[in-house]
Ligand SMILES: [Zn+2]
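Numbering (this note's numbering), first residue to last: 165 to 628.
Put into structure tokens, the structure is as follows:
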């Protein structure tokens with residue numbers, strides 16, 4: 165479709181991971197997000213597919229935020245030949261560096277493990293990318309201010325707006341071949357404890373809106389006492405609370421909530437261990453943004469916490485080294501361990517689960533989205549056995565799932581945000597949701613707002 169601007173969906177279509185949207189006109193190609201597929205094996209294998217177009221032919225990549233399902237494919241794209249600019253906001257750059265270094269480390273470890281155990285089909289299993297690819301990728305980062313229009317390629321300009329999802333996160337207006345598009349990225353909620361709410365829906369006409377729908381079929385429950393109650397029950401039993409948490413943002417939100425619960429005397433002041441190098445690096449950037457009074461941080465929060473640390477209720481321990489982490493294997497008094505990854509697919513939390521799940525004194529509190537095919541999802545769905553490091557581990561610990569910490573807008577919140585649009589976009593593409601959630605949300609957009617909607621299939625291309 166030469167001479168006609170098009171959009172191609174190369175991921176996050178009927179699923180929540182692998183956000184990659186390609187804009188094309190004549191010789192110009194722009195990729196919005198370069199996310200990794202996560203969860204089910206059939207999805208993870210897609211990270212290894214040949215990219216549908218020559219990566220070297222892409223003019224620029226635009227990243228909405230640092231989460232792996234939006235940024236994690238980038239070093240692979242670079243390894244395969246992409247060498248253009250990567251446009252992102254200042255804190256997306258800082259956090260993406262943390263996320264991508266950790267990812268390269270995990271990729272390399274997995275490849276070495278496969279080689280050692282001999283279960284790979286390849287004689288020399290290779291990593292999807294390694295630390296050298298990440299170094300090359302970081303040099304392409306081009307930090308860009310919020311609310312500032314920037315020309316990034318022929319016939320292409322972008323404007324980032326704060327989306328209130330995580331530090332640095334943006335929704336992005338794209339002007340492309342005289343068309344106007346809006347990508348929501350991941351849209352946050354108005355009540356993030358640290359971040360300012362998303363900017364309003366930008367004025368004017370849009371030819372296409374590309375919206376997430378992670379929780380498009382649901383309405384978040386209001387905060388309840390389930391979280392402190394679960395912690396109190398565990399403390400009374402003398403057990404350990406394991407909280408698998410996304411290293412970026414979720415750890416910060418949970419730490420702030422725990423401090424608040426300490427101060428209100430809703431839970432006892434037990435030690436809190438943050439056991440994830442990635443989470444600690446991210447925490448450093450959040451502290452930096454707070455102390456610099458970054459405009460992304462709520463001004464009341466910045467003012468209140470200008471002298472002290474909102475993340476530490478007095479018992480915070482930062483477990484940096486592997487040796488530190490190992491000391492947590494024999495804790496004898498009640499405590500809380502926050503560790504990544506958030507869906508228990510890797511990272512130090514997997515070791516803590518292996519040690520804690522067989523004992524009914526302990527609990528596991530799930531505080532984030534759990535994609536199909538992950539250990540976190542199996543736990544949430546009530547599995548009695550979980551496979552860890554090739555062995556079946558019995559699940560005797562109490563499992564609690566709490567949704568109110570979500571930093572994704574739900575169906576109602578998305579609709580409310582869209583109601584700020586001055587008119588209906590010519591076409592709305594519903595992505596970044598499991599098939600059911602995306603379809604339910606698309607029906608709501610049609611019924612409630614009378615918007616024209618499409619739930620694209622993986623690989624599908626549309627004229628804009
Ligand atoms: Zn996200």
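A virtual CB, placed ideally from N, CA and C, is assigned to each residue, including glycine.
A quick note: this is a predicted structure, and the numbers were derived from the prediction, not measured.
inquiry  = For ligand 1, is there any heavy atom lying closer than 7 Å to the beta carbon of residue 160?
reply    = Because the chain here runs from 165 to 628, residue 160 falls outside it and cannot be looked at.
**Item:** Whether residue 403 touches residue 525 by CB criterion (8 Å)
**Value:** yes
Counting along the chain, where does the beta strand (DSSP E) carrying residue 346 start and finish? 343-347
Run through the DSSP bridge pairs and tell me what residue 113 is partnered with. This structure does not reach residue 113, given that the chain is present from 165 up to 628, and the question cannot be answered.
Taking only runs that begin and end inside the region 165-240, name each unbroken alpha helix (DSSP H) of 4 or more residues, in chain order.
205-208 and 232-235
6 Å CB neighbourhood of residue 370 in its chain, flanking five on each side removed
344, 346 and 589
Segment contact flag, the region 517-536 with the region 422-441, C-beta cutoff 8 Å, min 3 pairs: no
### Terminal residues of the beta strand (DSSP E) in which residue 418 lies
Careful: residue 418 lies outside any beta strand (DSSP E), inside the alpha helix (DSSP H) at 414-427.
- Task: Figure out for me which residue from 310, 266 and 365 has the closest Cα to the Cα of residue 582.
- Result: 365
CB contact flag (residue 407, residue 502, <8 Å):
yes
Exercise for the section: Taking all protein chains shown into account, decide if residue 212 is buried (16 or more other Cβ within 10 angstroms of its Cβ) or exposed. Expected result: exposed
Nearest neighbour of residue 223, chosen from 480, 533, 187 and 255 [CA to CA]
187
Q.
I'd like to know whether the C-beta atoms of residue 173 and residue 627 end up nearer to each other than 8 Å.
A. no
Anyone know if the C-beta pair for residue 417 and residue 574 falls short of 8 Å?
-> no
With the cut-off set at 8 Å, would you say residue 377 and residue 594 are in Cβ contact? yes
Do you know how far the Cα of residue 568 is from the Cα of residue 387? 6 Å
query = So which of 236, 380, 220 and 266 has the shortest CA-CA distance to residue 244?
reply = 220
Exercise. Check the C-beta distance from residue 380 over to residue 521 and give it rounded, since I have them as a contact under 8 Å.
Key: No, residue 380 and residue 521 are not in contact; Cβ-Cβ is about 32 Å, not under 8 Å.
Whole angstroms are fine: how far does the CA of residue 214 sit from the CA of residue 300? 20 Å
- Please indicate yes or no: does the CB of residue 330 lie closer than 7 Å to some heavy atom of ligand 1? yes
message: Taking the alpha-carbon of residue 228 as reference, which of 335, 580 and 254 has the nearest alpha-carbon?
response: 335
Following a CB-centred definition, is residue 356 positioned closer than 7 Å to any heavy atom of ligand 1?
no
Note to self: Which of the three DSSP states is assigned to residue 515 in this structure?
What the structure shows: helix
- Specify whether the region 323-342 and the region 176-184 touch according to this definition: at least 3 beta carbon pairs, one from each stretch, less than 8 Å apart. no
Check: Whose CA, out of 194, 455 and 217, lies closest to the CA of residue 226?
Finding: 194
Item to complete: Return the CA-CA distance between residue 253 and residue 319, expressed in angstroms with no decimal places.
Response: 21 Å
- CB of residue 506 within 8 Å of CB of residue 540, strictly: yes
- Task: Put residue 398 into one of helix, strand or coil per three-state DSSP.
- Result: helix
Taking the DSSP output, what are the residues bridged to residue 312? The partner list for residue 312 (beta bridge, DSSP) is empty, contrary to what the question assumes.
### Query
Per DSSP, which one or two residues make a beta bridge with residue 625?
172
- [ ] With ligand 1 as the reference, list in chain order each residue whose Cβ lies under 5 Å from any of its heavy atoms.
- [x] 231 and 350
Residue 168: buried (16+ other C-beta within 10 angstroms of its C-beta) or exposed?
exposed
Practice item. Count the other CB atoms, across all protein chains shown, that sit within 10 Å of the CB of residue 312; report buried if there are 16 or more and exposed otherwise. Key: exposed
Which residues in the same chain as residue 415 place their Cβ atom closer than 8 Å to its Cβ, once the five residues preceding and following it in sequence are excluded? 409, 438, 440, 443, 446, 447, 502 and 504
In whole angstroms, what is the alpha-carbon distance linking residue 323 and residue 605?
-> 26 Å
- Rounded C-alpha distance that separates residue 397 from residue 563: 12 Å
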